[in-house]
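Chains A and B are the protein sequences, given in the same order. Residue numbering for the first sequence follows our numbering, starting at 243 and increasing by one per position. Residue numbering for the second sequence follows our numbering, starting at 84 and increasing by one per position. C-beta atoms are modelled at their ideal positions from N, C-alpha and C, and glycine is treated no differently. Everything numeric in this text was worked out from a predicted model, so none of it was measured. A quick write-up on the structure given underneath.
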Amino acid sequence: MGSSGPAIVVRGLRKRYGNVWALRGISLSVNRGAVFSVLGPNGAGKTTLLRAISGMLRVPARTVTVMGVDAGLDRRRVKRLVGYVPETGFLFPELSVERNLALAARLRGAGGVREAVRRAARQFGLEAVLGRPYGSLSKGLRRRADLAAGLIHDPEVVVLDEPTSGLDIVSVSQLRDLIRLLAERGKTVVLATHNIQEAVEISDKIALLRGGELAALGSPGEVAKRLGVTSEIVALLSSVPQQLVNELSRHGKLRVVGKRIYLRTADPLGAIATLRSMAERLGVEVRSLGVREAAWEDVFLRLGARGGEGCPCSCGGG
Amino acid sequence: MPVLLRRGLMGLRSVLAVLAKDFREYYSKAPTLSWGLLFPVTLVALFGYYSGGIGSYRITPSLLAVALMFSATTMPHVSLSFDRMNGGLLLLLSSPVRLSELLLAKMLGGFVLGLVGVGVAVGVLSVLTGGVPFVHPWWVVAALLLGAASFSALGLLVSLLFDPVQAVATLNFLRFTMIFLGGMLPRAALPGALAVAAYIFPIAYIGDLFRYGLFNIHDYTTPITALVASLVYALSLAAASVMVAEKRLIP
């Protein structure tokens, strides 16, 4: 295993199920310790990409490398390095949580099964339900058990498919904290999500997939700029001098209605800094200031115009 | 410890872990109990009792082969189908376990249930009608082992080829066909084309191994041919399962 370089490298990955192309030449890399989100409408190829990275698909040599291991040559080694958690539950409903975790620990090669189960139960707050059948748990607890099983072998790369799907707001918040914690510990986290705001907030890098192709790749700011994703700043001022209008117009599209200004910009922080400094210099009072969230959803809807097919293999995945 | 031995032990650990999981999760499922135990045991007890008891050379070997077929085909089908439906197959496929180890665990489940099914059936019939004659005990052992292996591989193969609903229909079509062709009916009782068709099915050879082991007789072919044919069936069905699984489970 290479000790330096990116955690994940994908080069020209193409994947076809029968006549349907799920991925059409994807290339990207993810740094170690980064949080990387894959966004896209249903059928865009997110799950296929995640499974290729997790060693669950047959891929040509040199197209997918995880921590220096070629997934086309040694899928088992890749699986040891990756903790994959699918969108739907993947534990056995009639087995207790403890037995499920013990099975995951044995299969995933976690040394010291009992200790691994205890550690995972503690980390994910499952100690009180260890003896209960997995199928009898609430959705939030089942999700926690899934994560505990997926990460029981302390993998270097964590791959989460739609991790917050169907969770309540408290569980979502806890999961985001966990993702940040994993990244702080140096783990590389890859997640597929429909929730753009979530991806923008927690990711170092995002990829937008559309019909098996990369529509955009980069930091959230870079992608926002490239795709023309803008936020709107709304401010009520004591007056609107022409000099202020000229300066703010450089940041985006400005509309002035009486003493209220509306500025649509891809760089809201820079625009606000300009507004504050100019207002102070010109003696203008800023009576109220608000930012409307970036219109990512519009971009997502535009991308959704061209989807693809789901995973048509017989593994039970979507 | 040599690398190969260590790998082998790790593989065995995975096989046993999946096997234990399958029995804990699925042994009490309705299809396991009904098709894997209740139906074959009832069939053997009922027909055996009314056809001269366990000492009847006409019916006992066929009944045992049919019981073995139902029991052994059931567990791989039940475990793989439920693994797919509850999502657990993704846990197995995302773990660093060889596909061959996973399939071996599934086959072993059928193997064990097959032996248990026949054991219970023979036990029940022996209590009802007396002891079992063993003329060639090792041939009976061979019939049990090769039969359990062939039928569990058949159950696995069908479950890999079709979705759970289609698989149960296909499996039942094959099982009910084999009750008559190569199973309960002697070759002489089958009309020409059907008598030839019976040779396609592994149950004809497994039945002959039981006939020879228990009563020193045979019907479809010689004991040696039956032994070789059973071995070929077990190996080729297992190999076909691996090939199909490679394509279907790791796209």
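- Task: Reducing DSSP to helix, strand and coil, say where E286 of chain A ends up.
- Result: Note on residue identity: the sequence assigns Ala, not Glu, to residue 286 of chain A. DSSP places A286 of chain A in coil when its eight states are reduced to three.
- Task: Would you please verify whether the beta carbon of G189 of chain A is less than 8 Å from any beta carbon of chain B?
- Result: One cannot answer for residue 189 of chain A here, as it falls past the ends of chain A, which runs 243 to 560.
- Message: Suppose the cutoff is 8 Å on Cβ atoms and the five residues either side in sequence are ignored; what does the same chain contact list for Y303 of chain B look like?
- Response: G265, R270, A281, Y282, A287, Y288, G290, D291 and A309
- Sheet register partners of L379 of chain A (DSSP bridge): For L379 of chain A, DSSP assigns no beta-bridge partner whatsoever.
- Query: In chain A, which residues lie with their C-beta within 8 Å of the C-beta of R339 of chain B?
  - Reply: The structure shown does not extend to residue 339 of chain B, since chain B spans only 84 to 334, so no value can be given for it.
- Message: Determine, for E336 of chain A, whether the minimum Cβ-Cβ distance to residues of chain B falls below 8 Å.
- Response: yes
- Task: Quick one: residues in its chain with C-beta nearer than 6 Å to the C-beta of R274 of chain A, no 5 flanking neighbours on either side, listed in chain order?
- Result: A249 and T430
- Query: Could you give the distance in angstroms between the alpha-carbon of K330 of chain B and the alpha-carbon of Y140 of chain B?
  - Reply: Approximately 44 Å, taken between the alpha carbons.
- In angstroms with no decimal places, state the Cα-to-Cα distance between V442 of chain A and R523 of chain A. Each residue's Cα considered, the two are about 33 Å apart.
- Spell out the partners DSSP gives A363 of chain A in its beta bridges. Answer is none; A363 of chain A lacks a bridge partner.
- Query: If you measure from the beta carbon of A226 of chain B to each beta carbon in chain A, is any gap under 8 Å?
  - Reply: no
- Query: Is the distance from the Cβ of I307 of chain B to the Cβ of L182 of chain B below 8 Å?
  - Reply: no
- Note down, in chain order, every chain B residue with its Cβ under 8 Å from the Cβ of P302 of chain A. None at all; the shortest Cβ gap to chain B is about 13 Å.
- Range of the contiguous beta strand (DSSP E) that encloses Y259 of chain A: I250 to Y259
- Task: Excluding the 5 residues preceding and the 5 following G198 of chain A in the sequence, name in chain order all residues of the same chain whose CB lies nearer than 8 Å to its CB.
- Result: Beyond the ends of chain A as shown, which are 243 and 560, falls residue 198 of chain A; an answer cannot be given.
- Task: Note down the Cα distance separating R386 of chain A from S134 of chain B, rounded to an integer number of angstroms.
- Result: 58 Å
- With DSSP as the reference, please indicate the residues paired to K495 of chain A in a beta bridge. Bridge pairing for K495 of chain A: A:R506 [DSSP].
- Relative to the C-alpha of L196 of chain B, which residue among B:E184, B:A232, B:S319 and B:P85 is closest? Of B:E184, B:A232, B:S319 and B:P85, the residue nearest in Cα terms is B:A232.
- Within the segment 200-244 of chain B, note down every full alpha helix (DSSP H) run reaching 4 residues or more, in order along the chain. Runs found: 220-244.
- Whole angstroms is fine: what's the gap from G351 of chain A's alpha carbon to L187 of chain B's? 19 Å
- Message: Taking only three categories from DSSP, how would you classify T435 of chain A?
- Response: strand
- Query: Exposed or buried, N261 of chain A, counting other C-beta atoms within 10 Å across all chains shown (16 or more means buried)?
  - Reply: Exposed, because fewer than 16 other Cβ atoms sit within 10 Å of the Cβ of N261 of chain A.
- Query: Applying a beta-carbon distance threshold of less than 8 Å, which residues of chain B neighbour K321 of chain A?
  - Reply: S177, S178 and P179
- Message: Using a Cβ-Cβ distance cut-off of 8 Å, determine whether K189 of chain B contacts chain A.
- Response: No, its Cβ sits nowhere closer than 8 Å to a Cβ of chain A.
- On the three-pair Cβ rule with 8 Å, is the segment 329-345 of chain A touching the segment 171-180 of chain B? yes
- Message: If you reduce the DSSP assignment to three classes, tell me which class G500 of chain A lands in.
- Response: coil
- Query: Ordered along the chain, which non-local residues of its own chain (more than five positions away) have a Cβ less than 6 Å from that of D446 of chain A?
  - Reply: Apart from the 5 residues on each side of it in sequence, D446 of chain A sits with its Cβ closer than 6 Å to the Cβ of A276 and V277 in its chain, given in chain order.
- Task: Let me know the secondary structure DSSP gives S556 of chain A once reduced to three states.
- Result: Here the model assigns S556 of chain A a pLDDT of 48, short of 50, so the residue's position is not dependable and the matter cannot be decided.
- Message: Counting beta carbon pairs with one atom in the segment 285-305 of chain A and one in the segment 366-376 of chain A, are three or more of them shorter than 8 Å?
- Response: no
- Pick from B:M168, B:L227, B:L191 and B:G91 that is closest to R294 of chain B, judged by C-alpha positions: B:L227
- Query: From this set, B:L243, B:Y109, B:T260 and B:F263, which residue's C-alpha is nearest L326 of chain B's C-alpha?
  - Reply: The question names Leu, but residue 326 of chain B in the sequence shown is Met. The candidate whose alpha carbon is nearest that of M326 of chain B is B:L243.
- How about the segment 377-384 of chain A and the segment 421-428 of chain A: do they share at least three Cβ pairs that are nearer than 8 Å? Note that the segment 377-384 of chain A does not touch the segment 421-428 of chain A; fewer than 3 beta-carbon pairs, one per stretch, sit closer than 8 Å.
- C-beta neighbour in chain A for R107 of chain B, strict 8 Å: At least one chain A Cβ lies under 8 Å of R107 of chain B.
- Does DSSP put F334 of chain A in a helix, in a strand, or in coil? coil
- Message: Using only the alpha-carbon positions, how far apart do S461 of chain A and I475 of chain A sit?
- Response: 22 Å
- Return helix, strand or coil for R274 of chain A, following the three-state DSSP convention. Three-state result, R274 of chain A: coil.
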